[in-house]
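Protein chains: 4
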Amino acid sequence: MSHTLKNKVKITSRVNRIIGQLEAFKKGIEAGDECYQNVNLLSSCRGAINGLLLEVIEDHIREHIVDSETKKLAAESGEELIDVLKSFIK
Amino acid sequence: MSHTLKNKVKITSRVNRIIGQLEAFKKGIEAGDECYQNVNLLSSCRGAINGLLLEVIEDHIREHIVDSETKKLAAESGEELIDVLKSFIK
Amino acid sequence: MSHTLKNKVKITSRVNRIIGQLEAFKKGIEAGDECYQNVNLLSSCRGAINGLLLEVIEDHIREHIVDSETKKLAAESGEELIDVLKSFIK
Amino acid sequence: MSHTLKNKVKITSRVNRIIGQLEAFKKGIEAGDECYQNVNLLSSCRGAINGLLLEVIEDHIREHIVDSETKKLAAESGEELIDVLKSFIK
Numbered sequence: 603m604s605h606t607l608k609n610k611v612k613i614t615s616r617v618n619r620i621i622g623q624l625e626a627f628k629k630g631i632e633a634g635d636e637c638y639q640n641v642n643l644l645s646s647c648r649g650a651i652n653g654l655l656l657e658v659i660e661d662h663i664r665e666h667i668v669d670s671e672t673k674k675l676a677a678e679s680g681e682e683l684i685d686v687l688k689s690f691i692k
Numbered sequence: 603m604s605h606t607l608k609n610k611v612k613i614t615s616r617v618n619r620i621i622g623q624l625e626a627f628k629k630g631i632e633a634g635d636e637c638y639q640n641v642n643l644l645s646s647c648r649g650a651i652n653g654l655l656l657e658v659i660e661d662h663i664r665e666h667i668v669d670s671e672t673k674k675l676a677a678e679s680g681e682e683l684i685d686v687l688k689s690f691i692k
Numbered sequence: 603m604s605h606t607l608k609n610k611v612k613i614t615s616r617v618n619r620i621i622g623q624l625e626a627f628k629k630g631i632e633a634g635d636e637c638y639q640n641v642n643l644l645s646s647c648r649g650a651i652n653g654l655l656l657e658v659i660e661d662h663i664r665e666h667i668v669d670s671e672t673k674k675l676a677a678e679s680g681e682e683l684i685d686v687l688k689s690f691i692k
Numbered sequence: 603m604s605h606t607l608k609n610k611v612k613i614t615s616r617v618n619r620i621i622g623q624l625e626a627f628k629k630g631i632e633a634g635d636e637c638y639q640n641v642n643l644l645s646s647c648r649g650a651i652n653g654l655l656l657e658v659i660e661d662h663i664r665e666h667i668v669d670s671e672t673k674k675l676a677a678e679s680g681e682e683l684i685d686v687l688k689s690f691i692k
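Protein chains in written order, with the working numbering: chain W, 603 to 692; chain Y, 603 to 692; chain H, 603 to 692; chain D, 603 to 692.
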């Protein structure tokens, strides 16, 4: 199962914004901007990625675990979610 | 003070890789790929951004706090670091 | 629904270990140990709490979302999980 | 170098509060309270440990890096900080 069209547009525009932030960070590094500005910009990108990841995980929980067609599919999606959470709750 | 040229090239190529991962994630969303693949891809981006942020913070500690020219500059860079850490140790 | 007895014993002993680490950290602070040792000890506690949290969340996903008796209960537990994730994916 | 007395008292009382939260979590697990309540309680402990860790790191930056007596000591403390940050920015 994949994402609904409405969600797709929303997610895509958030990704574009994050790519824009990363481009700005890159320009700042190349231009020799103050280190602190660069660190701060990258820290914002990190926050934006976290927010996006959370949203994609929310969709996964609602659509692929709670609303799955069979218990077996729910269990598979549940284990997938656990794997993802393991990779960043450290 | 800003980053050395060698570091700049290294940082820039890492940013480009992360942008490439985000583009792949976007394509996956648009193509309707399996949710889990997308979540995993975005989780990798998150890890890559964290690694890059850590590296930029390391430079900041070594070059702008430890090796600062005056105590006053060290103190300013120290407070900047604390602000950044506050934004993501939550 | 709550945790199985076997899980309870395992979780309880992990909590006791973390409390032991926090007591050691407190003694280190009171004894005036090297700051670095203390920071390191507290950073280990943090890792241990994260590991425990992950385990409790895994139980929650498997027992209360995937294996819930009704779709309504699964949905409630799913929203609870999302709330928890929101509190620390920042 | 170690922490000032005033800071010690403050840190100690925060540790005691966190231990209290962990004891409450343990009681909740033993009593078979709702999973969600337990997850939430543990998530609060995690937040409290993060806040404390941040404070100890702030002291480390200000007292042991910025205000260190020699450049050599500042460099050592800087590397210690980088090691700690590496352990949890993942």
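Ideal placement from N, C-alpha and C gives every residue a C-beta, glycine not left out.
Between residue i and the rest of its own chain, which residues show a CB-CB distance below 6 angstroms, the 5 nearest in sequence each way excluded?
i              : result
residue 616(H) : 654
residue 608(Y) : none
Mapping the DSSP letters down to three states, classify residue i as helix, strand or coil.
i              : result
residue 665(W) : helix
residue 634(Y) : coil
residue 670(Y) : coil
residue 609(Y) : helix
So is residue i in contact with chain H if we call contact Cβ pairs under 9 angstroms?
i              : result
residue 682(D) : yes
residue 669(W) : yes
residue 610(D) : yes
residue 633(W) : no
residue 656(W) : yes
Tell me where the alpha helix (DSSP H) around residue i begins and ends.
i              : result
residue 681(Y) : 673-690
For residue i, decide whether its Cβ has a neighbour in chain W, counting only Cβ atoms nearer than 9 angstroms.
i              : result
residue 650(H) : no
residue 691(Y) : no
Is there a C-beta anywhere in chain Y that falls below 9 angstroms from the one on residue i?
i              : result
residue 660(D) : yes
residue 673(D) : yes
residue 643(D) : no
Leaving aside the five residues before and after residue i along the sequence, list all residues of the same chain whose C-beta is less than 8 angstroms from its C-beta, in chain order.
i              : result
residue 613(W) : 605, 654, 657 and 658
residue 693(H) : Here chain H covers residues 603 to 692 and nothing more, so residue 693(H) does not appear.
residue 675(Y) : 666
residue 681(H) : none
Counting only C-beta atoms, is residue i closer than 9 angstroms to chain D at any point?
i              : result
residue 628(Y) : no
residue 603(Y) : Confidence at residue 603(Y) is low in this model, with a pLDDT of 43, below 50, so the placement of that residue is unreliable and no value is reported for it.
Return the chain-ordered list of same chain residues with a C-beta closer than 7 angstroms to the C-beta of residue i, the five sequence neighbours on each side being excluded.
i              : result
residue 647(Y) : 620, 623, 624 and 627
residue 670(D) : 676 and 679
residue 651(D) : 620
residue 636(D) : none
Of all Cβ atoms in chain A, is any one closer than 9 angstroms to the Cβ of residue i?
i              : result
residue 636(W) : Protein chains W, Y, H and D are contained in the structure displayed, whereas chain A is not.
Please confirm whether any heavy atom of the ligand ATP lies closer than 8 angstroms to the CB of residue i.
i              : result
residue 613(Y) : Within the structure as shown, the ligand ATP is missing, as the structure has no ligands at all.
Near-chain W residues of the segment 614-625 of chain H (beta-carbon distance less than 8 angstroms), N- to C-terminal order: none
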